[in-house]
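Chains as they are written, first to last, in the numbering used here: chain A, 6 to 96; chain B, -6 to 111; chain C, 47 to 153; chain D, 272 to 603.
Don't be surprised by glycine CBs; every beta carbon is placed ideally from N, CA and C.
Predicted, not measured: the structure shown is a model, and the values here were computed from it.
Let me begin by presenting the structure, written as structure tokens, before commenting on it.
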């Protein structure tokens, strides 16, 4: 059972990874990276509960937060780039 | 067979190190070079942490009833190395920004050309 | 009783794993960005929720399950927000969804 | 997986995608550290490699250019393409040959496990009273090293400030005093969620800081998480709002204060009659003194790291904002 949970998460991670490499557009990549991050968190959580390593949960919590923040940062970067383009066009 | 399994982690670290090295010397873009440098750095971290692993060792936090712990010394070294690594990366990126302002480009070839013409 | 909890938690974890795989296949196979986002985000939230719920049942009442609960809460907040802003920004940056038929129903 | 990610870094040309892939790579390597039973290191790598480093790189990218230039000379000469490959493979073969002499993976009899480390593992519990061996080595046994690291980070922060900061437009106002034009104000959902999330992150950072003796964590990680909370605030509400809460001037002082807390702890030990950074003299009981010393030192490290990371982010994004303003200034 433990193996089943780990394996399914691993499969998802692999698929997301392929999408991240092959993704035709940038947003596809971002989406895949985000999904990969959430799956890593789940994997860490599963390992920590079923492997009896209570300390790993801390790491999982940090992963979630960091994942969210990096997504926000990337999108902020996009908005920023758009504004810069507008400024250039307006010139 | 034991040879392969016994040294596999080190080999992965070596391969990663070489990939980072290749990016570092083969690509002309300065930001990409910095990423290569970071990959190189991470491979060194992996090498250290692999060396610290002991078979059946527990997480290095003292608890009742555990005998074997993973070697904590490499952990300490790498912990600080990561933070210092990001600080130096930031410094390198700042330099890249200044180079862009001075030369108008972050491609190595362009920079060389401009240097030659000066 | 403990057997009962075990069964429920394993069912949760397995359902979660199954949903995750479904979402990943969707991410892999769907034609354009918005459908992929749909597949990924919907299954992702439920999958994470189910797996963590199963883990909480496994862990019992400890500090660990409290932290897992916190993880669940953060998940419930961040994952939909992330997909929301992703879709919004993508739309603003001019990425158009693929429209299939005359009714104008984007899949 | 790790190798594949790194390989893809070579082939992906779009710089933005490279940075995303690099973030993935850091996350993967953090998972690898975790599987090798190194939660402290994984925590650091996750928060720095996947959080701070890509954000800084994105900032640089915003300042330079979005895409790696489509190479004008599509066909490089064969020599320039092959030479790096040859050099790299030669070095690689040499290094792999060298690993043949190394002890096998996870071998308990390897020399690295048999010198100072057993003493740390056996004695640190009694000498410092702190369960997390990594923390006690970091702050106590290897205190000088960590002091050095803190100074290196401080120096890097100063270097970036010297290269990019301290800007003014001639009217005496510094770059951060301009009005902000670009923020994510119009994302209402993000706004609300961040308002809920940021206190949570700060609380968690404090937990990592002060619970670092019992679970993975400590000054370095806590500092980074703390900084990340403020970076999120700045990203969502705009730089202007963030400067009102945490002014760059205050941050510059905090950088210094953090290092001074660390150094001052050492001097305090000297005054009380011990050696430099010998915490035993801080209290009547040596163990208690060790505890106080380690907490103080971790606090110093945390303050330094947090303020340096925030300074780095503010400097980069302030610079980016300034370049936009310049363009708009030309326009009007």
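Give the DSSP bridge partners of residue i, in chain order.
{"i": "residue 420 of chain D", "result": "Residue 420 of chain D is not bridged to any residue."}
{"i": "residue 94 of chain B", "result": "Residue 94 of chain B pairs with nothing; no bridge assigned."}
{"i": "residue 569 of chain D", "result": "Answer is none; residue 569 of chain D lacks a bridge partner."}
{"i": "residue 100 of chain B", "result": "B:22"}
Would you check if the distance between the CB atom of residue i and the CB atom of residue j is smaller than 8 Å?
{"i": "residue 124 of chain C", "j": "residue 69 of chain A", "result": "yes"}
{"i": "residue 314 of chain D", "j": "residue 46 of chain A", "result": "no"}
{"i": "residue 490 of chain D", "j": "residue 576 of chain D", "result": "yes"}
{"i": "residue 97 of chain C", "j": "residue 115 of chain C", "result": "no"}
{"i": "residue 431 of chain D", "j": "residue 84 of chain B", "result": "yes"}
{"i": "residue 7 of chain B", "j": "residue 330 of chain D", "result": "no"}
{"i": "residue 112 of chain B", "j": "residue 570 of chain D", "result": "The structure shown has nothing for residue 112 of chain B, since chain B only spans -6 to 111."}
{"i": "residue 324 of chain D", "j": "residue 298 of chain D", "result": "no"}
{"i": "residue 532 of chain D", "j": "residue 567 of chain D", "result": "yes"}
{"i": "residue 13 of chain A", "j": "residue 67 of chain C", "result": "yes"}
{"i": "residue 62 of chain C", "j": "residue 93 of chain C", "result": "yes"}
{"i": "residue 73 of chain C", "j": "residue 57 of chain C", "result": "no"}
{"i": "residue 319 of chain D", "j": "residue 460 of chain D", "result": "no"}
{"i": "residue 9 of chain B", "j": "residue 42 of chain B", "result": "no"}
{"i": "residue 415 of chain D", "j": "residue 548 of chain D", "result": "yes"}
{"i": "residue 332 of chain D", "j": "residue 367 of chain D", "result": "no"}
{"i": "residue 462 of chain D", "j": "residue 507 of chain D", "result": "yes"}
{"i": "residue 136 of chain C", "j": "residue 50 of chain C", "result": "no"}
{"i": "residue 510 of chain D", "j": "residue 589 of chain D", "result": "yes"}
{"i": "residue 27 of chain A", "j": "residue 41 of chain A", "result": "no"}
{"i": "residue 122 of chain C", "j": "residue 83 of chain C", "result": "no"}
{"i": "residue 294 of chain D", "j": "residue 75 of chain A", "result": "yes"}
Roughly how far, in whole angstroms, is the beta-carbon of residue i from the beta-carbon of residue j, given that I think they are within contact range, below 8 Å?
{"i": "residue 421 of chain D", "j": "residue 572 of chain D", "result": "6 Å"}
{"i": "residue 20 of chain A", "j": "residue 71 of chain C", "result": "7 Å"}
{"i": "residue 513 of chain D", "j": "residue 524 of chain D", "result": "So it is not a contact: roughly 17 Å between Cβ atoms."}
{"i": "residue 82 of chain A", "j": "residue 128 of chain C", "result": "The pair is not a contact, with the Cβ atoms about 15 Å apart (cut-off 8 Å)."}
{"i": "residue 65 of chain B", "j": "residue 405 of chain D", "result": "5 Å"}
{"i": "residue 472 of chain D", "j": "residue 78 of chain A", "result": "No, residue 472 of chain D and residue 78 of chain A are not in contact; Cβ-Cβ is about 14 Å, not under 8 Å."}
{"i": "residue 425 of chain D", "j": "residue 519 of chain D", "result": "16 Å between Cβ atoms; not a contact."}
{"i": "residue 359 of chain D", "j": "residue 3 of chain B", "result": "Actually they do not touch by this definition, with Cβ atoms about 17 Å apart."}
{"i": "residue 485 of chain D", "j": "residue 32 of chain B", "result": "Residue 485 of chain D to residue 32 of chain B, Cβ: 34 Å. No contact."}
{"i": "residue 407 of chain D", "j": "residue 565 of chain D", "result": "7 Å"}
{"i": "residue 580 of chain D", "j": "residue 517 of chain D", "result": "Between residue 517 of chain D and residue 580 of chain D the Cβ distance is about 12 Å, and since that is not below 8 Å, they are no contact."}
{"i": "residue 49 of chain A", "j": "residue 468 of chain D", "result": "No, residue 49 of chain A and residue 468 of chain D are not in contact; Cβ-Cβ is about 20 Å, not under 8 Å."}
{"i": "residue 215 of chain D", "j": "residue 71 of chain A", "result": "The requested residue 215 of chain D does not occur in the structure, where chain D is confined to residues 272 to 603."}
{"i": "residue 59 of chain C", "j": "residue 100 of chain C", "result": "4 Å"}
For the ligand ADP, is there a heavy atom less than 7 Å away from the beta-carbon of residue i?
{"i": "residue 425 of chain D", "result": "The ligand ADP is not part of this structure, which contains no ligands at all."}
Q.
Please list, in chain order, the residues of the segment 539 to 571 of chain D that have any C-beta partner in chain B closer than 7 Å.
A. For the segment 539 to 571 of chain D, which is checked against every Cβ of chain B, not one residue is closer than 7 Å.
Q: With a floor of 4 residues, list each alpha helix (DSSP H) that falls wholly inside the segment 46 to 83 of chain A, ordered by position along the chain.
A: As far as the segment 46 to 83 of chain A is concerned, it has no whole alpha helix (DSSP H) run of at least 4 residues.
(Q) Along the segment 112 to 138 of chain C, where does the CB come closer than 7 Å to a CB of chain A? Name the residues. (A) Hits within the stretch, in order: 113, 114, 116, 117, 120, 121, 124, 125, 128, 131, 132, 135 and 136.
Q | Near-chain C residues of the segment 27 to 48 of chain A - C-beta to any C-beta below 8 Å | A | Within the segment 27 to 48 of chain A, the qualifying residues are 30, 32, 33, 35, 36, 37, 39, 40, 43, 44, 46 and 47.
Q) Any residues in the segment 308 to 332 of chain D with a beta carbon nearer than 9 Å to a beta carbon of chain C? Which ones, in chain order? A) Shown here is that no member of the segment 308 to 332 of chain D has a Cβ falling below 9 Å from a Cβ of chain C.
Q) In the segment 484 to 517 of chain D, which residues sit with their C-beta less than 8 Å from some C-beta in chain A, listed in chain order? A) So the list reads 486, 487, 488, 492, 496, 499, 502, 503, 506 and 507, given in the order they occur along the chain.
Q: Could you name the residues of the segment 51 to 70 of chain A whose beta carbon sits closer than 9 Å to any beta carbon of chain C, in the order they occur along the chain?
A: Those residues of the segment 51 to 70 of chain A that come within reach of chain C (Cβ to Cβ, closer than 9 Å) are 51, 53, 54, 55, 59, 62, 63, 65, 66, 69 and 70.
(Q) Can you pull out the residues from the segment 61 to 82 of chain B whose beta carbon lies closer than 9 Å to at least one beta carbon of chain D? (A) Identification of residues in the segment 61 to 82 of chain B having a C-beta nearer than 9 Å to some C-beta of chain D yields 61, 62, 63, 64, 65, 66, 67, 68, 69, 70, 71, 72, 73, 74, 75, 76, 77, 78, 79, 80, 81 and 82, given in sequence order.
Q: Note down, in chain order, all residues in the segment 8 to 22 of chain A with a beta-carbon under 9 Å from any beta-carbon belonging to chain D.
A: Listed in sequence order: 18, 19 and 22.
Q. Relative to chain C, which residues along the segment 521 to 537 of chain D have a C-beta separation below 7 Å, given in chain order?
A. Among the residues of the segment 521 to 537 of chain D, none has a Cβ less than 7 Å away from any Cβ of chain C.
Q. Mind pulling the alpha helix (DSSP H) runs of 4 or more residues that sit fully within the segment 516 to 547 of chain D?
A. The segment 516 to 547 of chain D contains these whole alpha helix (DSSP H) runs: 519 to 542.
(Q) So within the segment 479 to 512 of chain D, which uninterrupted alpha helix (DSSP H) runs reach at least 4 residues, ignoring any that extend past its ends? (A) Listed in chain order, they are 490 to 508.
(Q) At a CB distance below 8 Å, what residues from the segment 66 to 92 of chain C approach chain A? Give them in sequence order. (A) Listed by position along the chain: 66, 67, 69, 70, 71, 73, 74, 79, 82, 83, 86 and 90.
Q: Report the residues of the segment 462 to 486 of chain D with a CB closer than 7 Å to any CB of chain C, ordered along the chain.
A: Going along the segment 462 to 486 of chain D in chain order, one finds 464, 467 and 468 with a Cβ nearer than 7 Å to chain C.
Q. Name the residues in the segment 92 to 109 of chain C whose C-beta lies less than 7 Å from a C-beta of chain A; which are they?
A. Among the residues of the segment 92 to 109 of chain C, those with a Cβ less than 7 Å away from any Cβ of chain A are 94, 97, 98, 101, 104 and 105, in the order of the chain.
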